[in-house]
Structures are given as structure tokens and as C-alpha cells.
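Some notes on the structure that comes next.
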Amino acid sequence: MAEFGLQQEMKSRVKPRLVIHGGAGNIHPDTYPPEKFQAYRKALVEIVTRTDQYMRRQDEAASEKSHRKFPSALETATYAVRLLENSPLFNSGHGAVFTRDGFNELEASVMVSRGHKKQGVGVMGLRHVKNPILLARAMLEHGEDDLEPRPQDISSGRLNIPSAQGHVQLHGEAAEQLAGQYGLELVDQSYFYTQHRWDEHIRGLEREQTGHGQATWSVDEYVSQGTCGAVALDQDGVICAATSTGGLTNKLTGRIGDTPTIGAGFWAEEWTEDGDPTGPSTWDRLKDSVSQSGPCLVLGNAFRGALADFLPTPAMYTPFGADTYTTRSFGGSGTGNGDSFLRTNALRTVAAIARWKPESGAKAVSRVAGRGGELQRNAGDRWQRTGEGQGGIIGIESVVVCDASGHIVETRSGILMDFNCGSMFRAWIDGKGKPQVSIFSNEP
213 MAEFGLQQEM KSRVKPRLVI HGGAGNIHPD TYPPEKFQAY RKALVEIVTR TDQYMRRQDE
273 AASEKSHRKF PSALETATYA VRLLENSPLF NSGHGAVFTR DGFNELEASV MVSRGHKKQG
333 VGVMGLRHVK NPILLARAML EHGEDDLEPR PQDISSGRLN IPSAQGHVQL HGEAAEQLAG
393 QYGLELVDQS YFYTQHRWDE HIRGLEREQT GHGQATWSVD EYVSQGTCGA VALDQDGVIC
453 AATSTGGLTN KLTGRIGDTP TIGAGFWAEE WTEDGDPTGP STWDRLKDSV SQSGPCLVLG
513 NAFRGALADF LPTPAMYTPF GADTYTTRSF GGSGTGNGDS FLRTNALRTV AAIARWKPES
573 GAKAVSRVAG RGGELQRNAG DRWQRTGEGQ GGIIGIESVV VCDASGHIVE TRSGILMDFN
633 CGSMFRAWID GKGKPQVSIF SNEP
């Protein structure tokens, strides 16, 4: 089947999915006021619900043959992150943390599993872009033209920036000039000021000066070193990961974290596999079938032993024919100690495990962000002493199984999440279309 035909069939078979996060770290019920937890819960529910409504909004003007009827994964994920950026609760946009010198320097990124030439974009060192996620999205979208040879006009700004060219990362003044050329809103640094972030900034410096700990992390209180992010799956089977942050509290001015670094704090890709290597085995499907139908006959011991030689074993895989193939997609967004995510190239590592082992996306996420995973191991003997290694990952995995002629025979998708620290602020739309929120590991 032609690629266009497969994508058209996906539209009727792939169910849009959504998950968001608002940071992870040293957050515990006994060290954080209950009213703050309730504020976070309320904000997460509101944002995931509003985004779900947006995701399901039909474009009545769209033609079935020419365009999708619902927002793309890129549109949905960046819509959610823009709402997170506008909230003072989360470490991005309006709620961003301060550097050691008292500045707000913001970062953001987007990446899609397919459909855009640049695939992923990161922006960093931003002091005046109100919504950094919109700049990252614009760079990705303009990449369709930027990567085509064409005459370039001389920029009228201070720097000669006719476009983002073929670049997938931009920093500071150049990125902000480009934001202005895109027509995005620029604001004064005072817009990003919030009292609670300033108080964290001052307490951290005082803690360091008095020898009672680090300026960037505390064992006794939640000092933000996280991000906010969203991952969305659309009807075309495309996954988008969008992430935004102010970085580590009291980071060095000019520091670049994992959020705008492709592979470290975010990732999305799509690949094809023979058969369905991560699907339920024949044994699992048989057990499910038997458990649903109940016993139909009773076998004698002798006959049961003889029959066992002909029954499938747990090692025997897919019930589909040998000519089937699977298109798998993964997209993820990380939050936590960005330096640890950089050192482990965390999100690309998740995708590599899922693709090349191969293994389910859920297991791959846990191997990196779960207890005892790659992030924690990277901290070594500094674990629980410096904030290193702490973090979490959210994501979505999509699986589309096709027969030899290219027709879809099965689709699966799942919300992925795991973390190795006190908690992770997260919300998602479950399989029944209901919003779910969780902060601690002992919650749903």
C-alpha cells in the first residue's frame, strides 16, 4: 500500500493521545504544603482538559482529501506547553527560575516522529520571548522553506538573520531576533518575575554561602530543577514531544541544559520492524482468550501431557503471519537534573532501547528513568546528595501492525511514565477519555 494510503487508513484507526508533566524532583508530602499540592493538581487538570478539548476540536473547513480534521500532534503538544508556560506554578515561561545573577534564561524544544524536514528544534538563552515553545515550533515549521535553496533577503535587524537556515538550535540574541521576525510576542524580563521563584533563588545562595548545601538543590526542600512538557499522538500516527524550562535554580548564566538539546531532554522518531516483536505472544493471547471464555472441557492427565507438546510456549510470538510488519513510534519529554540527562543522552537512549533491543516503550522508559535506571546510576555515590540523576520521563508509544499488502490489522498506543525521585507532576487522558492526575509514585 502506498504511504498516503496507509496514512489515510491510520486516520480511522489511530486514537489521539495526550500526556503532560510539570516537573519532577525532591517533592514529598511531608515537606510541601497541602495547599500547594492542590494548586498543582487543579492547574494540571485544567491544562490537560483544555488541551484534550482542543485536540478533539474538528476543523469543519478541512477537506477529507486535503487536510486532517483535527489538530496535529505538533499543534496539540505546543498548545499544552504554552498553557504550562503561562502558569506561574511551573518552571517555564512566567514561572521560570532565576540564574545565580538573577536573570531568567529560558529554553524550549519540539520534535516530531515524522512530517517535518528538521524533525527537532531547540532554542535557548531566551530572556524576552514570552512563549519559548512557540519559537521552537515556528523554527520547525519554517524549516520546510529554510532547507530549500532560495535567495535570502538581508535582515533589517542588528544581526544578519534572514531565516533560521538549516539550523536546529539557536541561542540568545539571534534566537530572539528571529522570534521578532516571526511576529512572536517579546516581553521585558519583569514578566517572568514571581516572588516564590525569587525567594528560592535567594535561599539557595544563602544556603551555599553558609555551607549548608548547594545553591541548586536541597535535601530538605523542593528546589526546582525540572521542566514542563507534553507529548501528543494525532490521528495520522505522528507523535510530538514539546518541552520548555527555565533550567536549574541558580544555574550559571549562559548554561545550556538538556531541554533544548536533541536526544538529551526530548526525542521523537518512527521506525519499521519485521513482524510484531513487542506485541503479545501467542501464549498471552491464548491465555486471554481462555480466561474470557472459561473452561470448555476437562482433560485427563495423560492426554494433557501429550497435548502440551503441541501447544505454544511463552517464547512463541505473534499470531500474525511472517509477512507482517510493524511501524513503531516513540516520543518523550524529560524533567529533572538536566546535566544527568545530558550525560546519558536520556531520551535518545530510551528510543534506542525500544528500537534495537527491541523492547516496549514502557520498559525502555523505566530502564532510564526508573529506580536504579541509567539516570540514577550516572549519579554514582552522589545519588541523593547533589540532586544528580533525579528525574522522570513521560512519553507515548504507538504501534501499527500491517499485513503484507500494507493494510492495518492492529493498532496499539500507550501512555508512558516513570521517575526515580520523590514525585513527578503529571496528567494525561486515559483510554476512556478521562483526565487523570498524579504526583507521587503510589498514585495511579
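Numbering (the working numbering), first residue to last: 213 to 656. Glycine is no exception: its CB is placed at the ideal position from the N, C-alpha and C atoms.
Query                                                                                                     : Result
Spatially closest choice to residue 286 from 421, 347, 633 and 375, by CA coordinates                     : 347
Counted within 10 angstroms of its Cβ, other Cβ atoms place residue 511 as buried (16 or more) or exposed : Note that residue 511 has pLDDT 47, beneath the 50 cutoff, so the model's placement of it is unreliable and the number below is only indicative. Exposed: under 16 other Cβ atoms inside 10 Å.
Through-space distance from residue 290 to residue 344, alpha-carbon basis                                : 10 Å
Start-to-end residues for the alpha helix (DSSP H) that takes in residue 474                              : Per DSSP, residue 474 belongs to no alpha helix (DSSP H) and is neither H nor E.
Residue 554 to residue 422 span [Cα, whole Å]                                                             : 30 Å
Residue 618 burial status per 10 Å Cβ neighbour count (16 or more: buried)                                : exposed
Spatially closest choice to residue 598 from 551, 582 and 605, by CA coordinates                          : 551
Inter-residue Cα distance where the pair is residue 577 and residue 235                                   : 16 Å
4 or more residues per run - each alpha helix (DSSP H) lying fully within the stretch 361-393             : 384-393
Pick from 462, 300 and 284 that is closest to residue 326, judged by C-alpha positions                    : 284
Proximity of residue 602 and residue 549 at Cβ, strictly below 8 Å                                        : yes
CA nearest to the CA of residue 488, picked from 591, 613, 470 and 351                                    : 613
Test item: CB-CB of residue 566 and residue 580 under 8 Å                                                 : no
Residue 249 - DSSP class collapsed to helix/strand/coil                                                   : helix
Nearest-angstrom Cα separation, counted from residue 271 out to residue 281                               : 5 Å
Same chain, Cβ closer than 6 Å to residue 229, neighbours up to 5 away in sequence not counted            : 445, 608 and 625
Backbone secondary structure at residue 492 - three-state DSSP                                            : coil
Every unbroken beta strand (DSSP E) inside the stretch 580-650 [3 residues or more]                       : 603-614, 620-631 and 635-641
Whole-Å CB distance - residue 479 paired with residue 544, under 8 Å assumed                              : 6 Å
Cα-Cα separation between residue 396 and residue 443, rounded to whole angstroms                          : 23 Å
Cutoff 8 Å; reference residue 586; Cβ partners in own chain excluding five residues on either side        : 556, 558, 561, 579 and 580
Residue 553, DSSP secondary structure in three states                                                     : helix
DSSP beta-bridge partners of residue 542                                                                  : 481 and 609
Exposed unless 16 or more other CB atoms sit within 10 angstroms - verdict on residue 194                 : The question about residue 194 has no answer here: the residues shown for the chain are numbered 213 through 656.
Segment contact flag, the stretch 643-653 with the stretch 621-635, C-beta cutoff 8 Å, min 3 pairs        : yes
Cβ contact check for the stretch 295-302 and the stretch 254-272: 3 or more pairs under 8 Å               : yes
Reference residue 629; option with closest CA among 371, 340 and 572                                      : 572
Residue burial classification, residue 482 (beta-carbon count within 10 angstroms, cutoff 16)             : buried
Buried/exposed call for residue 463, threshold 16 Cβ in 10 Å                                              : buried
Simplified DSSP assignment, three categories, for residue 411                                             : helix
Whether residue 232 touches residue 441 by CB criterion (8 Å)                                             : yes
Collapsed DSSP secondary structure at residue 291 in the structure displayed                              : helix
Contacting residues, own chain, Cβ-Cβ under 8 Å from residue 225 (five flanking each side not counted)    : 612, 620 and 623
CB contact flag (residue 320, residue 455, <8 Å)                                                          : yes
Exposure label - residue 352; buried when at least 16 CB within 10 Å                                      : buried
Unbroken beta strand (DSSP E) run spanning residue 232, endpoints                                         : 229-237
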